[in-house]
Amino acid sequence: GDMVLYPSSSLHQVTPVTRGQRICAITWIQSAVADEQARALLYDLDCSIRALTPSRPQDDPDINRLIHVYHNLLRRWAQV
3 GDMVLYPSSS LHQVTPVTRG QRICAITWIQ SAVADEQARA LLYDLDCSIR
53 ALTPSRPQDD PDINRLIHVY HNLLRRWAQV
């Protein structure tokens with residue numbers, strides 16, 4: 003089967019089933035960080051941390067600082 007996720011602000015349509023049957027389940031989820039730009043920044047920062055970490059020594063202070071910044075931004079922007 004397949005799963006489709008999209009923002010609730012996106013327009014979509016459901017096409018008719020031409021063969022077999024459609025079985026579906028519908029649910030809603032909410033991101034802890036509501037602002038799309040903030041989520042994008044957190045994602046980019048996380049990707050950068052993950053890309054840099056393997057080439058650095060364990061407990062590298064620069065990586066730890068970036069992780070600290072990531073978590074502080076997440077705490078600032080999260081709505082939980």
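Going by my numbering, the sequence shown opens with residue 3, and the numbers climb by one from there.
Here a beta-carbon is modelled for each residue, glycine too, at the ideal position from N, C-alpha and C.
Less than 8 Å between the CB atoms is what I'm expecting for residue i and residue j, so what's the real figure, rounded?
i: Leu44; j: Leu13; result: Not quite, the Cβ-Cβ distance comes to about 26 Å (not below 8 Å), so this is no contact.
i: Ile69; j: Ile51; result: 6 Å
i: Leu54; j: Ile65; result: 6 Å
Going by the beta-carbon positions, is the gap between residue i and residue j smaller than 7 Å?
i: Val82; j: Ala34; result: yes
i: Ala40; j: Trp79; result: yes
Per DSSP, residue i forms a beta bridge with which residues?
i: Val35; result: Ala80
According to DSSP, is residue i helix, strand or coil?
i: His14; result: coil
i: Val71; result: helix
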